[in-house]
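S.K.: Quick note, the sequences are listed as chains A and B, same order. Residue numbers 11 to 846, in the working numbering, belong to the letters of the first sequence in order. Residue numbers 2 to 420, in the working numbering, belong to the letters of the second sequence in order. In this text, a Cβ means the ideal position worked out from N, Cα and C, and glycines have one as well. Being a predicted model, the structure only gives us computed values, none of them experimental. One structure, pasted below without further comment.
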Amino acid sequence: MRRFLPLLFLAFISPELTPNAVGQMPAGSFASEVKPLLDGHCISCHGPDVQKAGLRLDTLATDLRDERTRAKWIRVHDRVAAGEMPPKKSEAPPQREVTAATRWLNRELHAASLEQQQTQGRVVVRRLNNTEYENTLHDLLGMKIDLKDMLPEETSVAGFDNVAAGLELSATHLLLYQEAAEKAVAAVVPVSPPIPFKDRRTGRELSEKGSNFRQTLTRSCMLKDDALIVYSKLPRYGLCVTATVPANGRYRVRMSAAAVGAQNRAVPAAFMVLETSGREDAVVREIRDIPHGKPSVIEYEVDLNRGQAFVLNLLNRWDIRQFKKPIEEYDGPGILLEWLEIEGPIGAFPSASYDRLFAGVPLKARSVARAEAEGRTPPKIAPTRPAQSWLTDPLVPVSANPKADAERLIRDFLPRAFRRPVNEDLLKLYVARVHAKLDQKYSFYDAMMYGYKSILSSPHFLLFLESGLAKSPPAKPAEQRLDSYALAARLSYFLWSGPPDDELLKLAANGTLLEPAVLRAQTERLLNAPQSQRFIENFTGQWLDLRKIDATIPDPQLYGDFDGTLLWAMPRETQRFFEEVLKNDLSLLEFVDSDWTMLNERLANHYGIAGVTGNEFRKVKLPPGSHRGGVMTHASILKVTADGTQTSPILRGKWVLEQIIGKPPSPPPADVPALEPDIRGATTIRQQLDKHRSIASCASCHVHIDPPGFALEAFDPIGGFREFYRATSRTSRGLVTLPGYTGRPFYRGPDVEKGGQTHDGRAFETIDDYKKILLEDKEQLARNLTQKLLIYATGAEIQFADREVVEKIVATLKTKNYGLRTLVHEVVQSRPFLNK
Amino acid sequence: MPPKPLNRRTFLRSSGVAVALPFLDAMVPVASAQARKAMEAPRRMLLVGRPLGMYTPYFFPEKAGKNYEPSRYLKILQPHRDQFTVFSGMSHRYAAGHYAEVGLMTGVSTENIRPSEIRNGISLDQEVAAHIGRQTRFASLVIGGGSAAWNRRGVRIPAQSRATQVFRQLFIRGTPEEEARELRRIQDGQSILDDVGEQVKTLNTRLGADDRRKLDLYLGSVREAEQRLQQDEKWSTTAKPKVEVATPTVDYSGPQLLQRSRQWFDIVQLAFQTDSTRSISLWLGSQERPEIDGVNLAHHDASHHGQEPAKLEQLAKIEEAELQVLSEFLAKMAKANEGDHTLLDRTAIFYASNLGNSSSHDNTNLPILLAGGGFKHQGHIAHDRANNVLLSNLFLRMLHQMGIEAKSFGASTGAVSEI
């Protein structure tokens with residue numbers, strides 16, 4: 011239900027009314043500036059007799075320091091400033107009354123909002139969200155551990171899941187954090203000494219292991235001597251799967267494989283991980299091209315947990331089942347696999363992650379440790395002891411000087427966990443807690459586990475504490491400025507979704523991070539580091555809804571051309587596109603229109619663009635007439651804005667208004683039934699919408715919502731360009747045959763109607779025209795992205811006092827070609843970012 | 002009525018010993034097996050929420066009263082005809098579309114639930130848990146998913162969505178060593194929370210008012226977590242009940258709507274039968290195409306039927322299948338005996354959606370069914386479809402049936418009296 015959670019009211023800011031412009035105005039009072047407009051033009055609908063939209067203005071409090079009151083007046087200000095109120099059909103108020111009222115409100119709202127920010131801070135204290143929590147432990151321990159799935163799902167506010175208002179902290183959270191911490195700490199301790207593990211299976215052996223091969227052999231795969239040739243996606247229980255690994259760690263996978271088929275080209279194969287105990291499908295870790303020709307050895311390293319296995323599979327939907335002749339005669343694309351091997355775990359023992367928590371502490375079997383502690387003769391552990399026995403008697407860290415080691419390890423870990431130096435009292439408290447457990451006869455490992463769990467449950471770890479630590483009491487305006495450690499954390503969680511590294515902490519320690527030039531250099535460094543992929547993924551995942559990429563499954567009866575490799579490629583185009591713009595400081599307007607995009611072969615085929623071979627993404631110049639360019643024409647966006655089977659101009663229009671233009675429409679009235687597209691092939695969505703818009707209460711919003719939706723109607727739910735709708739039932743226009751389409755054929759439905767006009771009467775024929783119209787208001791596009799980035803960077807919604815900051819950034823961007831990297835720097839150097 | 006808890010003052014006076022403990026187990030409603038047997042058979046409540054409404058023309062009967070003609074959907078439930086009441090013309094009077102999910106079980110007034118804003122109150126299951134939760138191993142179970150359960154401070158209580166895990170918690174006993182470790186984990190957890198609470202309090206003296214308000218909420222959660230661990234500790238010395246069913250090994254995902262619902266209902270029945278908890282909220286969310294013969298649309302998609310006959314038929318197939326699963330559950334509850342009563346008699350089962358018409362995202366005229374619970378069931382109680390009766394009034398009646406003498410609940414204006 012995420013998508014129904016709060017939308018932020020961001021719209022309708024008129025730049026000419028920024029506080030800079032009104033700063034010199036005489037002050038005036040509410041009575042002299044605002045009341046005349048209210049009395050003359052508002053009270054009749056929002057007064058004692060009638061309260062339209064539940065709003066009554068004559069009794070509305072005017073103390074703008076109250077947040078709820080302020081929110082109401084902001085709405086009044088915005089509607090009046092945008093010329094939406096009083097409504098067009100009523101008598102127009104004199105311009106001077108409108109100007110006086112909006113100026114007074116603007117100035118006073120700004121002042122009140124700024125005062126609130128300066129006394130309370132702009133961002134209310136918030137906790138790490140699930141993603142940040144998992145990344146933080148990953149960076150602290152140097153090991154990827156799945157923790158996010160243990161924690162309750164996050165709520166988004168203002169479009170992002172790191173905004174303070176949405177980050178609840180329930181009792182359940184607190185208890186689960188203890189469990190997650192225990193899982194993370196346990197994960198760094200190896201169960202056994204390295205036990206060499208190696209398993210190789212020939213193609214034939216692979217087919218003998220999986221029960222489902224009985225059905226698929228000679229239908230979608232075949233044996234050729236000892237090799238297995240796979241032509242179509244293999245089902246569960248009949249996979250090219252390695253043995254299940256006995257211990258957590260990194261493994262080396264090797265295979266001897268080649269692409270086959272008359273097309274003489276590489277074939278993309280999915281490298282996947284399977285949880286052998288569950289019923290879930292294997293998860294794609296990577297897609298790699300298997301070269302055509304003679305089999306070659308391909309190597310791949312993968313992190314696996316005990317009980318997991320590596321899987322090689324095709325994701326393409328090449329439907330060999332429609333091939334009626336013997337499979338030996340089939341010459342379509344496939345993969346020949348001679349053998350598949352897994353070996354490991356590889357790397358140092360114990361791992362570097364162990365040293366992060368237990369450096370210098372030897373590991374012993376638990377039975378040995380216990381015997382030693384009780385003064386008994388320890389049992390002998392045979393060097394050839396099988397992996398299974400280690401599970402019941404695992405290795406544990408055992409210290410000869412438990413108290414000293416505990417203090418050393420806690421002192422080392424605590425400042426890293428709290429992202430700042432920790433005062434001696436707190437340090438001693440944690441050491442004392444662990445020592446007390448040792449006194450209570452806890453083993454060293456158990457006592458340390460207790461200590462680490464305590465640290466990872468602390469508000470100093472879980473919360474962003476951005477004020478009140480260095481000084482008390484705070485709350486003098488100048489003191490809302492973040493100290494250098496809080497700034498380091500804000501920067502790293504913005505650009506890495508994770509904790510500050512050593513260099514940032516060093517610059518925080520000597521205070522130089524507070525210097526704009528140093529901060530700028532660090533912003534560059536963070537953007538250039540691999541961890542910035544987290545920023546790209548999390549920001550685009552939410553701004554552009556890429557997280558919803560597999561929320562719906564396209565109807566296979568209509569979209570037989572959809573498959574796993576396309577699904578995999580879709581969000582990557584958009585992420586790589588964002589990365590390209592960010593890396594080269596290209597204009598953010600490229601998100602609306604560009605003459606290039608990022609493609610691999612699968613996606614290029616989908617778009618009908620020739621000359622792109624291989625699975626790797628690269629920058630591709632778009633040929634004329636491709637109708638592509640800008641994110642709105644990415645297959646990813648076209649998929650997340652459709653419901654899998656059908657497109658809806660309303661959903662897409664709403665999406666463009668919210669995400670690209672930044673003027674979200676009001677929610678629909680409760681009493682109007684929703685429209686239903688008709689896939690039988692009789693009426694089009696356009697014809698139904700035209701009817702809808704003839705209802706006056708619908709029209710006022712739909713004149714804004716529908717046009718971008720109509721402009722995108724030429725793209726189907728999987729992002730293909732279309733001239734006509736696909737239909738499941740017979741139509742007079744017959745069956746359609748698409749080149750290379752192997753699914754069940756569909757019928758040709760009605761043609762897609764082209765064109766439309768914007769709310770202010772500008773006509774467009776195609777999406778290309780519509781993008782040009784959007785680009786006429788470059789500042790609004792920049793304003794929208796600035797707001798979104800500022801929300802994401804600081805974890806708080808846009809407040810009234812932030813508007814002046816946003817406008818200043820937009821003005822700067824205008825002089826700098828709207829560069830995205832410039833925007834990131836501007837955000838980092840802005841007042842909201844530098845202050846609590 | 003459960004026995005009155007021992008008053009602390011009385012206890013201290015009569016024992017004549019200076020006890021520093023804040024309370025002893027005996028002072029809360031007693032939970033020993035013996036004491037429980039002596040008590041009147043307990044009352045229980047299950048709240049089932051569904052997100053996508055129900056096609057109410059196929060659900061509501063035309064006639065009101067006990068002698069209604071079963072509608073298409075109610076035909077499925079006819080074996081239990083005397084054991085349930087269907088309410089039409091009832092809702093929270095919200096207009097918040099899917100978002101109204103957050104208020105379905107809390108019933109706060111409409112001003113507090115807006116499409117973009119929420120100031121929620123406690124949900125019915127948690128109100129029940131607050132009164133009688135300490136008598137069982139689990140005060141309540143919040144399962145399935147969704148955002149239906151809220152605590153008294155308006156903080157959402159996340160649901161457990163993995164049936165295998167819930168089953169484990171309820172019924173699987175560990176080895177003595179595992180149990181000892183578990184007990185220690187519970188005790189460690191409490192002392193960790195003590196430190197967390199102290200740190201929050203210290204921070205609180207150094208922060209601004211807005212931050213303090215937020216940290217006060219956190220502190221409330223710390224206390225609540227401590228209480229849960231205390232309850233866990235108390236129960237850790239009592240063996241978990243044994244049940245004669247195979248341990249579930251699979252957590253069904255979206256498309257397995259029916260298997261998933263069945264699995265949850267089975268767990269609910271076992272949890273009640275073993276008196277592991279007396280308050281459960283179960284959310285049966287569904288968006289994807291359910292694996293039901295003849296259904297090729299996603300559930301959410303079908304719910305936007307726009308009156309198109311083919312789509313409506315798809316939706317009806319899904320909803321009929323869901324009600325079939327409900328009917329099986331009611332049958333099992335009716336077969337299970339507890340003393341002189343059936344489990345169904347002792348368990349109020351509330352089954353509803355936050356949408357009255359999903360095709361238009363309408364939150365009025367909700368599909369509501371109340372089964373079991375020892376109510377005087379009336380077949381079909383029809384209220385004004387244009388001017389709905391507040392669902393909170395039914396919630397208040399349900400609280401009373403649980404032996405909880407509340408004066409109001411949510412936005413209630415009184416308790417319904419028909420049942």
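Considering only residues of the same chain and omitting the five flanking positions on each side of A:L568, which have a CB-CB separation below 7 Å?
M.R.: Cβ within range, chain order: T655, R736, T738 and F756.
S.K.: Who pairs with A:V746 in a beta bridge, going by DSSP?
M.R.: A:F756
S.K.: Who are the Cβ neighbours of A:I609 in its own chain at under 6 Å, not counting the five residues just before and after it?
M.R.: Sequence check: residue 609 of chain A is Leu here, not Ile. For A:L609, where only same-chain residues beyond five positions count, the Cβ hits under 6 Å are V622 and V630.
S.K.: Could you round the C-beta distance between B:G134 and B:S280 to whole angstroms and report it? I think they count as a contact, below 8 Å.
M.R.: 7 Å
S.K.: Does the structure place the stretch 433-451 of chain A close enough to the stretch 342-353 of chain A that three or more beta carbon pairs sit under 8 Å?
M.R.: no
S.K.: Strictly below 8 Å CB to CB, what residues from chain A border B:P80?
M.R.: Neighbours of B:P80 on chain A: none; closest Cβ ~33 Å, over 8 Å.
S.K.: Under 9 Å, Cβ to Cβ, is there at least one residue of chain A near B:I405?
M.R.: no
S.K.: Nearest by alpha-carbon distance to A:Q105: which of A:E296, A:A91 and A:R295 is it?
M.R.: A:A91
S.K.: Please indicate yes or no: does the CB of A:A806 lie closer than 8 Å to some heavy atom of the ligand HEM?
M.R.: The model on display carries no ligand, and the ligand HEM is accordingly not part of it.
S.K.: Quick one: what's B:D363 bridged to in DSSP?
M.R.: B:N358
S.K.: Mind pulling the chain B residues with CB within less than 7 Å of A:S467?
M.R.: I193 and V197
S.K.: For the beta strand (DSSP E) containing A:E353, name the first residue and the last one.
M.R.: G344 to I356
S.K.: Could you tell me whether the Cβ of A:V201 comes closer than 9 Å to any Cβ of chain B?
M.R.: Chain B contact via Cβ: absent.
S.K.: Should B:Q231 be flagged as near chain A, meaning a C-beta pair shorter than 9 Å?
M.R.: no
S.K.: Thinking just about the alpha-carbon of each residue, which of A:S840, A:A375 and A:G805 is nearest to the one in A:K818?
M.R.: A:S840
S.K.: Please check if any C-beta of chain B sits within less than 9 Å of the C-beta of A:A485.
M.R.: Any reading at A:A485 needs caution, since the residue's pLDDT is 46, under 50, leaving its predicted position unreliable; the model's value is listed next. With 9 Å as the cut-off, A:A485 counts as an interface residue toward chain B.
S.K.: My guess is that B:I369 and B:V87 are in contact by the Cβ rule of under 8 Å, so how many angstroms apart are they, rounded?
M.R.: 7 Å
S.K.: For the putative contact between A:A190 and A:L157, defined by C-beta atoms under 8 Å, what is the C-beta separation to the nearest angstrom?
M.R.: 5 Å
S.K.: Please list, in chain order, all residues of the same chain as B:K312 whose beta carbon is under 6 Å from its beta carbon, the five residues on each side excluded.
M.R.: The answer, listed in chain order, is A303 and H306.
S.K.: Please check if any C-beta of chain A sits within less than 9 Å of the C-beta of B:I158.
M.R.: yes
S.K.: Taking the straight line between their C-alpha atoms, what separation do you get for B:K215 and A:A803?
M.R.: 21 Å
S.K.: For the pair the stretch 341-359 of chain B and the stretch 87-106 of chain B, tell me if three or more CB-CB distances fall below 8 Å.
M.R.: The stretch 341-359 of chain B is in contact with the stretch 87-106 of chain B.
S.K.: In chain order, what residues of the same chain lie with their CB nearer than 7 Å to the CB of A:Q790, ignoring the 5 residues before and after it?
M.R.: I671 and G672
S.K.: Does DSSP put A:C250 in a helix, a strand or coil?
M.R.: A:C250 falls in the strand class under three-state DSSP.
S.K.: Using only the alpha-carbon positions, how far apart do A:L466 and B:D267 sit?
M.R.: 37 Å
S.K.: Which of helix, strand or coil does DSSP assign to A:N232?
M.R.: Residue identity check: residue 232 of chain A is Met in the sequence provided, not Asn. A:M232 falls in the strand class under three-state DSSP.
S.K.: Counting only the same chain and skipping the five closest in sequence on each side, list residues whose C-beta sits under 6 Å from that of A:P412.
M.R.: L448 and F454
S.K.: Can A:A102 and A:E43 be called in contact, C-beta distance under 9 Å?
M.R.: no
S.K.: Is the shortest distance between the beta-carbon of A:P509 and the beta-carbons of chain B less than 9 Å?
M.R.: no
S.K.: Please compile the residues from chain A whose C-beta is within a distance smaller than 9 Å of the C-beta of B:G175.
M.R.: In chain order: nothing, as chain A lies at least about 14 Å away.
S.K.: Please list, in chain order, all residues of the same chain as A:N172 whose beta carbon is under 6 Å from its beta carbon, the five residues on each side excluded.
M.R.: N139 and G805
S.K.: In terms of residue numbering, what span does the alpha helix (DSSP H) encompassing A:N874 cover?
M.R.: Chain A is shown only over 11 to 846; residue 874 of chain A falls outside these bounds and no answer can be derived.
S.K.: Run through the DSSP bridge pairs and tell me what B:R51 is partnered with.
M.R.: B:S354, per the DSSP bridge assignment.
S.K.: If you draw a straight line from the alpha carbon of B:A65 to that of B:F85, how long is it in whole angstroms?
M.R.: Looking at the two C-alpha atoms, the distance is approximately 14 Å.
S.K.: With DSSP run on the structure shown, which of helix, strand or coil describes A:N520?
M.R.: coil
S.K.: Can you pull the chain B neighbours of A:G131, defined as C-beta to C-beta under 8 Å?
M.R.: G209, D211 and D212
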